[in-house]
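> Please see the structure below; I have some questions.
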Amino acid sequence: HNDWLIFWWIFPLLWKGARNPLTHEDLYLLRKAETSGQRTDLLEEKWREEILSARSLSKEPKLWRAIFRYYTFQEYWYFVPSGLAYLLGDNIVWFAAINLLRQLTSFHDESRGEYFIYIYGIAIGSLMKLIGQNHLHLHGAVLGVRARAAILGLLYRKILRLSKISLDSGHVMELVCNDSQRIIFTSAEWFIPYAIRHALYSACVIAWLLYFIGWQIIPGALFLLALGVVRGLLNKFDYKLRNCASQLSDERLGVIRETLTLIHSLKLNCWENIYEEKIRQTRWKEIKFKAKRWIIMLTCYSFISCGQHLGTFITVLVLTLTQKENIPNLNFFAIIALFRELSEMLCLCLPTSIRYITDVRAALQRMQAFLQRTEYFNIEYDPKITTQFNIKNIPTGTVTANQKHEPPYLILHDVTCKIPQRILPQSPESNRAKILNDVTLNVATAGLVLVCGSVGSGKSSLLATVLGGELLVTNGFVKYSGTLGYVSDTPWVCPGTIRENILFGLPYEEKLYAEIIRACQLEKDFKTFPQQDLALIGEHGATVSGGQRTRIALARAIYSQADIYLLDDPLSSLDAKVAENVFRQCIKGLLADRIVLLTTHDTRYYHEADHIVHLKGGKIEELKAELTLAEPELDQRNGTPDGGDHDVWGDPSEPGEAETLNLEEEERETGRVAFKVYKEYFLYGASAIVLFIIALLFFSGQGFIVLVDIKASRLPVLAGQGEESFNHAILVYTLCLFAGVVLVVLGTLSIFLVLMNAAYKVHNKMVTCLLKAPLSFHAVNPVGRVINRFSQDMNNLDELLPFYIFMVCHYAAPAVATILLAAITTPLLIIPVLLALPVFYFFSKVYFTSATDIKRLMSVAGSPIYSHFSNTLEGLRNIRVYGRQKDFTNQVFSWLDSLNVSFVSWLTHRRASQGSALQLYSNSLVCTSKVNILTSTRKRALGAVTILYAINTTQMIDYVVRVTGDVNSQMTSAERVLAYTRIQPERGQDSPKTPPRNWPHTGAIEFRDVSLWHYTGSPNALKNISFKINSSEKVGIAGRTGAGKSSLVAALMRLAETRGEIMIDGLNIEDFNVLSTRKCLSVISQSPTLINGTIRLNLDPLAQHTDTEIWQALNRTKMSSTVKNLPKTLDSELDNDNSSLSVGEKQLLNLARVLLQNNKIVIFDEATGKIDGNTDQEIQRIISEVFKECTVITIAHRLSTILDCDRVMVLDEGEIREFDQPEILLNKPSGLLKQLQEIK
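Numbers -19 to -1, 1 to 1221, taken from mature numbering (1 follows the signal peptide of the UniProt record, and there is no 0), label the letters of the sequence shown in order.
This is the structure:
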């Protein structure tokens, strides 16, 4: 119990951290009742009860009421004894001190035993205050940790029940990273129990002033109360600024997350400057609102820091005017001491509590709005029971899934659907028109159903409607029996090994697994990885190609052994040979007895289908059954039809030819934050000279404030020496007070403007370095890790660090001044101070080292949580389809528990260090008082003054030690952020040299012994290849999936490390700035990407073209009618993640942008794979006309796209196997291109 009372149980950990860096394994585990899962279940139950209760009363449910009921009576009761001890200890200290002061200055002979009663009363009161204060603050913080864990669990479960299209990633990440964090910070220092304590203590101080001084204190007290009321009235304005800043933070984090997830496309299209400017503009708007908040708050705080002197001044004037001749020294020193306490409570603590309560209120309202979003279905997968989910709050429209023991079937009846509204009310709704209209489809038997149609006809929307909960069904119903398997048009893989992605939570069955791997043509791919299927995929599938991602997603779907399969054009991203084998062995093989809906543009599969659904404009235009032709028998040896040529593609027998990737552990420093971190961060805000001037300004103001105390101490004496002396003293007093207030206000505001400027510049520098970083950096650093620095760490620098620095300034200068004055008044006080300093230094060193390490562990523990939320937003459909909600939720609970352990340890460290300091100074106070009392009556008075100053010194130094520790802890965020300003840029980013004007002139390309590797230590993806492409030549590139086709593009665009020479128009591109060469090449990649913005911005990012030119490009790409149907045509907003445009339509927009760029070299990396055949032929005709004078490189799996090229290059295993005219290669016996053509 003693260990618990004084937090002694934390000291072994604290001492261990002082000697060696701490790890998560060193921290104490949570009890089962404290785990995030348990806390989330409890809060979810209370939130459900709140919804039902509010609904019965026709009121809006409130999240804060659910949280209020979420805590137990015991948790609330704990505040009572700790709060009473805190309040009672404070009152005992001041009651004993002022009564002792009265006895010592009364010059009456009293019993010495009475003095000791008061002295030990001060010591006991200080100890009570210490214990009560520490337990009150720690308990509040622990409750905040519990609330945050439960709320994050609740938010995660809500995400799993919302439509992916309706989610705004920036808004979600702001809720998770910053809004939830405010709950802990506020509950630790400033929440409702503390506001109540501050109010009660203020009443007690006023009562003591009335008791010791009389009614003359009322004007001074009213003045302080007025300052507090003014600060409170500004909270409404502060609340508006807070909401505006939060909305901009949502937007900023959304753009940053978009940047990180699309970094490959950004570099291909040279959009770094566009995204950097978007982030900077949003950040500038955000920082302006935050700066306004700080200016308002700090102006008030600066006046408040002078408030005690103003209140004292007013009271002394009243006393002088009413009873000038009778002012005793006791009353004077009681006024100084108690007005300091009153000013602290009324003007600092109470308004600050209200401010942070306002922050929590705003955060809870945003979370509540998210939790009240409409759920279009509510499903928890359990294969043992019948599962049903229904769309709610919709006039008509139902999706029902039955998993009874009955044959699988799928029914869509008169289905009409739209895109759900986004989470943010202010989000643009660019196109909420019907995307499916009166669709009716019945599939009752196993077989292949092909879903066909032109680009934008509604094929992907049809599959999304069957998934349920993704689209807003406004009419009709969807009903199916059985389980679903799903492969999206942009396959999703989660961080982990290849095997983990395929199993996706299911047990490993070797025979089934091997059969699926063979059918999905993954065996050869696995052999190229050093660890085969146990190799890490990396962030966003960094180590696998687009075709490999597709086949991994397909293997995952087949391994789930579902009854109904929804396959969104997976074959288009595969080469002809692999696609043919996958179709034969998977779709017509392993899935032959299942219902399969396959969207495709490839007409060669039409005669293989049991049914064909043709969509046009969101309606079924044609529905017909086809006779299924007999399948040719497969050669089990290589998976090709009998009679075909033997496999001449490379088949590496030894593993280790593909890239291997090891995710980096997040780096963290150890020990105290180095001085160079403070220096570097503050120099971002202002130069050293400016910082010196600001410090001089601030401390000069504090010096004037101290001078005010000295002048005030002489006023009662001067009042009896004549009118002239008194009036002169009043004038000097007023001037010093005015100068002190002005200088303190200016100094404080200057400090915080420097901090805001530093936060803004460091953020921008971090963005610049991140965009310049090589792709290898992004592959090994998860999105959540990076977002953690842009959200949590930047929030600490924006909001917490300025506050803690203000608190240091607020307490440090008066503490030093108090020690000096006390030393002048009572030199004997220097002895315990000097004795205490080395002990203080020892305790602070131990505390700072351990607390800083734990703070770093907190930051590291947060990254996996944010990554998990980010990955969930991307793979939401897959998680739901395969029933992995529980597993993913348990994973986030595990990481939350790890974070909570760090939080609780850090919070306990803060309270333990404070206790040591206060106990030490309480003993020093008693010793000093004893020595002074044993002297003459004159010394008794000095002893009384010593007691007053020593009490203030105790509190101030204690606060300085604690808040300095907080500053040191928050500077770990600066340390982490500054680390990202030192990321090594990709090669050529900082080169000042640019190619000649209008380069390239001819477009001739030459590779000389070029090798390429994507990551340090990885094998070569291209192996010493050499070739020449002539000016204006059209070259096609073929090869199986993973052969190195996209690596060739990466070499031209300088996206990876290369060796050898790449010459364009006779100039080595390595000699020039990387951006200057990239922008001269146009690339359309196999994964189409849009900028979140208007269509005009997507087509003409640099605003270089007229509307006429833009419409002309749209007409050529057959997209003009689609754009004209949007509400604002060219000014309609698009969202890359959740746009109503299909993948094919996005690709056509990219093609229109390339047409406008009019570069000499154009690269099409599977650009028309998602486009129907007729549109593809039209596009090829346009390309041949528009790019007639350009050098064109076309990578395609659709051979018809490249057979019209001047020459065709066939790649395999990073080497050129064939490169000649297509007619020559097609006549080559056993040639690779000929083999592909025969498969076709």
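Idealized CB from N, CA, C, for every residue including glycine.
#1: With 16 as the cutoff for other CB atoms within 10 Å, does I1018 come out buried or exposed?
#2: DSSP three-state label for R865, please.
#3: I'd like to check one pair, L3 with L838: are the Cβ atoms closer than 8 Å?
#4: Skipping 5 residues on each side, what residues in its chain have a beta carbon closer than 6 Å to that of D868?
#5: Kindly indicate which residue of K558, V1167 and E1159 has the alpha-carbon position closest to the one of N1140.
#6: Which residue from L143, E155 and R163 puts its Cα closest to that of G125?
#7: Can you give the Cα-Cα distance for L1207 and Q1218, rounded to whole angstroms?
#8: I need the DSSP call for L1009, collapsed to helix, strand or coil.
#9: Which first and last residues belong to the alpha helix (DSSP H) in which T531 is found?
#10: Which first and last residues belong to the beta strand (DSSP E) in which H595 is found?
#11: When we look at the beta-carbon of T1022 and count the other beta-carbons within 10 Å, is it buried (16 or more) or exposed?
#12: Whole angstroms is fine: what's the gap from H152's alpha carbon to T296's?
#13: Could you spell out where the beta strand (DSSP E) holding I1142 opens and where it closes?
#14: Exposed or buried, what is K145 when buried is set at 16 or more other beta-carbons lying within 10 Å of its beta-carbon?
#15: Which class does G1041 belong to by DSSP, given the choice of helix, strand or coil?
#16: Measure the CB-CB distance between K1015 and V1191 and report whether it falls below 8 Å.
#17: Keeping to the same chain, check which residues put their C-beta closer than 7 Å to that of I1183; ignore five residues upstream and five downstream.
#18: Report yes if the CB atom of L1062 is closer than 8 Å to the CB atom of M1034, and no otherwise.
#19: Can you grab the Cα-Cα spacing for the pair residue 1229 / L517, in whole Å?
#20: Measuring only the C-alpha atoms, how far is C501 from L345?
#21: Where in the stretch 165 to 231 do unbroken runs of the alpha helix (DSSP H), each at least 4 residues long, occur, reported from the N-terminal end onward?
#22: Count the C-beta pairs between the stretch 196 to 215 and the stretch 127 to 137 that are closer than 8 Å, then say yes if the count reaches three, no if not.
#23: Hey, quick one: how far does the alpha helix (DSSP H) through V654 stretch, first residue to last?
#24: What's the gap between the Cα of P(-8) and the Cα of Y9?
#25: Just to confirm before moving on: does the CB-CB distance between F874 and P976 stay below 8 Å?
#26: Do you know offhand how far A842's Cα is from P476's?
#27: Measuring alpha carbon to alpha carbon, tell me which residue in L1095, K1127 and I1142 is nearest T471.
#28: Under DSSP, the beta strand (DSSP E) around A1019 begins and ends at which residues?
#29: So, using beta-carbon positions, are G466 and A538 closer together than 8 Å?
#30: By Cβ distance below 7 Å, which residues in the same chain neighbour F685 in space, the five residues on each side in sequence not counted?
#31: Can you give me the start and stop residues for the beta strand (DSSP E) that residue 1260 sits inside?
#32: Does the distance from the C-beta atom of F733 to that of L279 stay below 8 Å?
#33: Would you call the CB atoms of L452 and S462 closer than 8 Å?
#34: Using three-state DSSP, classify R1059 as helix, strand or coil.
#35: By the DSSP assignment, the beta strand (DSSP E) with N456 in it spans what residues?
#36: Evaluate the contact criterion for the stretch 1040 to 1048 versus the stretch 542 to 562: three or more CB pairs, one atom per stretch, below 8 Å.
Let me lay it out:
#1: Along the sequence shown, one-based indexing puts residue 1018 at 1037. The residue in question, I1018, is buried, as its Cβ has 16 or more Cβ neighbours within 10 Å.
#2: Sequence index remark: in the sequence shown, residue 865 carries index 884 (1-based). R865 falls in the coil class under three-state DSSP.
#3: In the sequence shown, residue 838 corresponds to position 857, counting from 1. In the sequence shown, residue 3 corresponds to position 22, counting from 1. Against a cut-off of 8 Å, the Cβ pair of L3 and L838 comes out as a contact.
#4: One-based indexing of the sequence shown puts residue 868 at position 887. Once the five neighbours on either side are set aside, the close Cβ partners of D868 are G486.
#5: Within the sequence shown, numbered from 1, the residue matching residue 1140 stands at position 1159. Ranking the options by Cα distance to N1140, first place goes to V1167.
#6: Here the question's residue 125 lines up with position 144 in the sequence shown. Out of L143, E155 and R163, R163 has the C-alpha closest to the C-alpha of G125.
#7: Locating residue 1207 in the sequence shown gives position 1226, where the first residue counts as 1. Locating residue 1218 in the sequence shown gives position 1237, where the first residue counts as 1. L1207 and Q1218: Cα-Cα distance of roughly 8 Å.
#8: For the purposes of this step, residue 1009 is taken as residue 1028 along the sequence shown, with counting starting at 1. A small fix is needed here, since residue 1009 is Lys in this sequence, not Leu. Note: K1009 maps to strand in three-state DSSP.
#9: Here residue 531 corresponds to residue number 550 of the sequence shown, with the count starting at 1. Start and end: G527 to Y540.
#10: Within the sequence shown, the letter at position 614 stands for residue 595. Annotation for H595: the continuous beta strand (DSSP E) segment containing it runs H592 to K597.
#11: Along the sequence shown, read from residue 1 onward, the residue named residue 1022 stands at position 1041. Classification for T1022: buried.
#12: Taking the first residue of the sequence shown as position 1, residue 152 is located at position 171. Taking the first residue of the sequence shown as position 1, residue 296 is located at position 315. Using only the alpha carbons, I get a separation of about 51 Å.
#13: In the sequence shown, counting from the first residue as 1, residue 1142 sits at position 1161. Element bounds for I1142: I1142 to D1146.
#14: Taking the sequence shown and counting its residues from 1, the one referred to as residue 145 is at position 164. So K145 counts as buried.
#15: Along the sequence shown, one-based indexing puts residue 1041 at 1060. Reduced to three states, the DSSP call for G1041 is strand.
#16: Within the sequence shown, residue 1015 is the residue found at index 1034, counting from 1. Within the sequence shown, residue 1191 is the residue found at index 1210, counting from 1. Their beta carbons are not under 8 Å apart, which means K1015 does not touch V1191 by this criterion.
#17: If you number the sequence shown from 1, residue 1183 lands on position 1202. These residues qualify, in order along the chain: G1017, A1019, T1175, A1177 and V1189.
#18: Against the sequence shown, residue 1062 aligns to sequence position 1081. Against the sequence shown, residue 1034 aligns to sequence position 1053. Result yes, Cβ atoms of L1062 and M1034 sit closer than 8 Å.
#19: With the chain covering only -19 through 1221, there is no way to say anything about residue 1229.
#20: Position 520 of the sequence shown, counted from the first residue, corresponds to residue 501. Position 364 of the sequence shown, counted from the first residue, corresponds to residue 345. C-alpha separation (whole angstroms): 48 Å.
#21: 173 to 193 and 199 to 214
#22: no
#23: Working through the sequence shown from its first residue, we reach residue 654 at position 673. Boundaries cannot be given for V654, as no alpha helix (DSSP H) includes it and DSSP labels it neither H nor E.
#24: Numbered from its first residue, the sequence shown carries residue -8 at position 12. Numbered from its first residue, the sequence shown carries residue 9 at position 28. Between P(-8) and Y9, the C-alpha separation is close to 11 Å.
#25: Within the sequence shown, the letter at position 893 stands for residue 874. Within the sequence shown, the letter at position 995 stands for residue 976. Contact flag unset, no.
#26: On the sequence shown, position 861 is the one that residue 842 refers to. On the sequence shown, position 495 is the one that residue 476 refers to. Cα to Cα, A842 sits roughly 17 Å from P476.
#27: Your numbering for residue 471 matches position 490 in the sequence shown. Selected option, being the one with the closest Cα: K1127.
#28: For the purposes of this step, residue 1019 is identified with residue 1038 of the sequence shown, where counting begins at 1. Residue range K1015 to A1019 is occupied by the beta strand (DSSP E) that includes A1019.
#29: Working through the sequence shown from its first residue, we reach residue 466 at position 485. Working through the sequence shown from its first residue, we reach residue 538 at position 557. The Cβ-Cβ distance between G466 and A538 falls below 8 Å.
#30: For the purposes of this step, residue 685 is taken as the residue at position 704 of the sequence shown. Only C717, A720, G721 and L724 meet the Cβ criterion.
#31: What the structure shows of the chain is the stretch from -19 to 1221, and residue 1260 is not part of that stretch, so it cannot be assessed.
#32: The sequence position of residue 733 within the sequence shown is 752, counting from 1. The sequence position of residue 279 within the sequence shown is 298, counting from 1. In this structure, L279 lies closer than 8 Å to F733 by Cβ.
#33: The residue given as residue 452 occupies position 471 in the sequence shown. The residue given as residue 462 occupies position 481 in the sequence shown. No, they are not a contact pair.
#34: Translated into positions along the sequence shown, residue 1059 becomes position 1078. R1059 falls in the helix class under three-state DSSP.
#35: In the sequence shown, the residue the question calls residue 456 occupies position 475. Per DSSP, N456 belongs to the beta strand (DSSP E) from L453 to S462.
#36: Note that the stretch 1040 to 1048 does not touch the stretch 542 to 562; fewer than 3 beta-carbon pairs, one per stretch, sit closer than 8 Å.
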